[in-house]
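Reviewing the structure listed below.
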Amino acid sequence: MRTISQIQVGLRAREFSAVEIAREALAHAERQNPSTNAFLSLSHERAIAAAEHVDAQLSAGGELGLLGGVPVAVKDVISTKGLKTTCGSRMLENYIPPYDATAIERLEAAGGVIIGKANCDEFAMGSSNENSAYGPVRNPVDLERVPGGSSGGSAAAVAQGSVPVSLGSDTGGSIRQPASFCGVVGVTPTYGRVSRYGLVAFASSLDHIGPFATNVSDAAALLQVIAGRDQMDATSAPVQVPDYLAALQNTDVRGMKVGVPVEYMRQATGDTAARIQESIQALRDLGCEVRDISLPNTEYAIAAYYIICTAEASANLARYDGVRYTARSKQSGTLHEMYANTRGEFFGPEVKRRIMLGTYVLSHGYYDAYYKKAQQVRALITRDFSNAFAEVDAIVAPVSPFPAFKIGEKVDDPVAMYLSDIYTITGSLAGIPCMSVPCGNTSEGLPVGLQILCGHFEESRMFQLANAFEKHRGNSAVQ
Amino acid sequence: MLTDKDVLYVANLANLKLSEDELTRMAHDLVGILGQMDVLSKVDTTGVAPMSQVLFEDADETASLRADVEREPLGSDLAVANAPITSGGYYKVPRVIEKG
Chain A
5 MRTISQIQVG LRAREFSAVE IAREALAHAE RQNPSTNAFL SLSHERAIAA
55 AEHVDAQLSA GGELGLLGGV PVAVKDVIST KGLKTTCGSR MLENYIPPYD
105 ATAIERLEAA GGVIIGKANC DEFAMGSSNE NSAYGPVRNP VDLERVPGGS
155 SGGSAAAVAQ GSVPVSLGSD TGGSIRQPAS FCGVVGVTPT YGRVSRYGLV
205 AFASSLDHIG PFATNVSDAA ALLQVIAGRD QMDATSAPVQ VPDYLAALQN
255 TDVRGMKVGV PVEYMRQATG DTAARIQESI QALRDLGCEV RDISLPNTEY
305 AIAAYYIICT AEASANLARY DGVRYTARSK QSGTLHEMYA NTRGEFFGPE
355 VKRRIMLGTY VLSHGYYDAY YKKAQQVRAL ITRDFSNAFA EVDAIVAPVS
405 PFPAFKIGEK VDDPVAMYLS DIYTITGSLA GIPCMSVPCG NTSEGLPVGL
455 QILCGHFEES RMFQLANAFE KHRGNSAVQ
Chain B
32 MLTDKDVLYV ANLANLKLSE DELTRMAHDL VGILGQMDVL SKVDTTGVAP
82 MSQVLFEDAD ETASLRADVE REPLGSDLAV ANAPITSGGY YKVPRVIEKG
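Okay, structure coming up:
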């Protein structure tokens with residue numbers, strides 16, 4: 005698959021048309037789907053119409069938008085007007101949103117061509133994409149393994165070469181972890197950097213929309229397009245969006261202070277730890293000042309996260325009751341039976357587990373011990389990061405303790421599955437920008453991701469470091 | 032210790048019908064997960080304000096109000112278009128109040 009700039013150079017030189025690129029992407033996705041199941045639906049008509057529009061603009065002497073003619077896959081939890089948005093759930097099997105998410109409007113306004121909706125864990129709840137009601141996604145790197153989750157389809161769509169970029173969503177690591185498992189770049193922006201309007205709500209104080217790409221520059225271009233204040237989302241920040249692509253021009257990161265949290269490195273083992281150590285050495289070679297730092301409340305993050313996200317989910321998912329959203333149980337005597345039977349029939353096991361956990365921690369007698377306590381611990385974890393960023397410009401860490409695991413390996417053990425989110429949920433709780441950038445493979449050839457975390461709204465700095473690292477690795481590979 | 036009765040109580044609060052098998056499995060899973068949550072009791076949170084959303088140091092960055100200006104609504108036809116059963120632009124649900 006071509007990069008964004010290769011597509012745009014080709015379009016300007018009339019080597020190919022946007023319609024040809026769109027048809028190529030659609031055909032590729034169609035061919036790959038029997039093996040990876042990355043897409044839940046393809047949007048031929050909408051893609052061709054958008055591509056024709058780009059071609060017409062070019063023919064009329066117009067300028068290409070930042071994503072002009074670029075095929076994009078969109079996680080199926082992001083609303084697309086007139087295109088089914090199932091959230092990987094039988095509950096929304098036939099749901100057709102009456103409006104576009106703000107990120108979708110902006111993406112199309114910049115010339116992006118949506119070719120389909122990507123598979124994901126049901127309502128974005130999962131770390132392996134095995135919780136989709138429409139079957140698991142298989143990792144394009146190794147079809148016996150999971151692509152990570154919950155945005156497994158979005159990561160796989162890029163990794164398998166169907167699209168150069170895709171949109172995912174991240175609540176506790178759902179962009180970074182699949183990016184690391186599939187060997188692509190994945191970005192969780194600052195909370196509030198991208199409007200959540202039209203993102204089907206899972207845990208509102210933690211949900212983010214963010215990009216996947218094959219390289220840092222393309223991820224930055226997609227974020228550039230979708231970022232910024234939106235009056236339809238009161239939590240979207242009225243903070244100016246810097247020119248991320250301009251920031252990438254500066255590849256000199258000499259003197260940048262980079263922190264390595266000792267709590268994260270203690271648990272990383274094997275090839276993952278080796279790749280991270282090599283990456284840290286690469287950053288030193290680039291002239292960064294690397295030092296150890298401490299994020300002392302890290303060990304409490306999983307507990308705090310799974311209390312907060314399930315509490316919010318139990319409230320957000322109360323709306324699926326058989327009244328408004330397509331599915332209704334046929335066993336519906338009374339109104340209450342209709343609610344309970346519809347939810348019992350159409351939600352999958354992980355969604356039920358989280359609704360139950362969230363309802364429990366919010367219930368009378370447990371609220372203070374669990375929910376309030378978790379919110380206090382969230383404040384402490386956030387404070388750990390602000391203390392760290394008083395000393396360093398960026399933090400680097402593993403994304404996941406291990407590479408992509410086998411399909412079926414952890415699916416029956418929710419605790420083990422939750423524990424695999426250890427390194428990603430801290431950044432989510434603090435609302436800071438974080439990303440995964442490929443940093444090599446294990447001896448089995450499985451990708452490993454380096455996580456980079458920065459302070460609120462410091463995506464430019466994060467991209468600059470990631471880009472310098474990516475270029476350095478590219479150069480090393482050539483040597 | 033979480034009993035099946037506790038799980039049933041929570042399921043009822045959540046409007047969630049669980050089968051017998053699901054109930055047993057849920058009790059087992061919740062006990063395992065809540066066991067992990069107990070680690071929080073080790074943390075001293077005296078005087079720490081609960082964090083319910085991400086707030087930024089500059090108050091302007093967290094401003095949440097927009098101008099109070101009218102916008103076109105979706106309209107009732109579109110708003111109910113995804114409902115399983117509708118009638119005349121309304122949602123239809125099982126009868127709540129019996130005829131006298």
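In order, the protein sequence lines correspond to chains A and B. Taken in order, the first sequence gives residues 5 to 483; the numbers are from the numbering used here. Taken in order, the second sequence gives residues 32 to 131; the numbers are from the numbering used here. Here a beta-carbon is modelled for each residue, glycine too, at the ideal position from N, C-alpha and C.
Beta-bridge pairing of residue i - partner residues as DSSP gives them
i             : result
residue 439/A : 191/A and 456/A
residue 293/A : 261/A
residue 137/B : As displayed, chain B neither begins before 32 nor continues past 131, which places residue 137/B out of reach and without an answer.
residue 146/A : 143/A
residue 445/A : 451/A
residue 410/A : 149/A
residue 402/A : 454/A
Residue i (DSSP reduced to helix, strand or coil)
i             : result
residue 361/A : helix
residue 24/A  : helix
residue 215/A : strand
residue 482/A : Its pLDDT being 44, under 50, residue 482/A is placed unreliably in this model, and the coordinates cannot settle the point.
residue 384/A : helix
residue 61/B  : helix
residue 87/A  : strand
residue 279/A : helix
residue 324/A : coil
residue 126/A : helix
residue 416/A : coil
residue 330/A : coil
residue 97/B  : coil
residue 66/B  : helix
residue 284/A : helix
residue 355/A : helix
residue 40/A  : helix
Element boundaries [beta strand (DSSP E), containing residue i]
i             : result
residue 170/A : 169-174
residue 121/A : 117-122
Beta carbon of residue i nearer than 8 Å to that of residue j
i             : j             : result
residue 456/A : residue 398/A : yes
residue 403/A : residue 47/A  : no
residue 88/A  : residue 171/A : no
residue 276/A : residue 406/A : yes
residue 223/A : residue 245/A : no
residue 117/A : residue 73/A  : yes
residue 108/A : residue 26/A  : no
residue 198/A : residue 214/A : yes
residue 82/B  : residue 383/A : yes
residue 461/A : residue 192/A : no
residue 167/A : residue 29/A  : yes
residue 308/A : residue 362/A : no
residue 206/A : residue 128/A : yes
residue 319/A : residue 46/B  : no
residue 61/B  : residue 360/A : yes
First through last residue of the alpha helix (DSSP H) which encompasses residue i
i             : result
residue 198/A : No alpha helix (DSSP H) holds residue 198/A; DSSP gives it neither H nor E.
residue 161/A : 156-163
residue 14/A  : 8-16
residue 230/A : 220-230
residue 38/B  : 35-44
residue 431/A : 429-434
residue 185/A : 180-186
residue 49/B  : Looking at the DSSP string, residue 49/B is not in any alpha helix (DSSP H), and its letter there is neither H nor E.
residue 239/A : Where residue 239/A is concerned, there is no enclosing alpha helix (DSSP H), given that its DSSP letter is neither H nor E.
residue 346/A : 339-350
residue 107/B : 107-110
residue 320/A : 305-320
residue 19/A  : Counting along the chain, residue 19/A falls outside any alpha helix (DSSP H), and DSSP gives it neither H nor E.
residue 107/A : 106-113
residue 267/A : 266-269
residue 250/A : 248-252
Practice item. Any chance you could list the beta strand (DSSP E) runs of at least 3 consecutive residues sitting entirely within the stretch 42-84 of chain A, in chain order? Key: 43-46 and 75-79
Exercise for review: Note down, in chain order, all residues in the stretch 392-411 of chain A with a beta-carbon under 8 Å from any beta-carbon belonging to chain C.
Suggested key: No chain C appears in this structure, whose protein chains are A and B.
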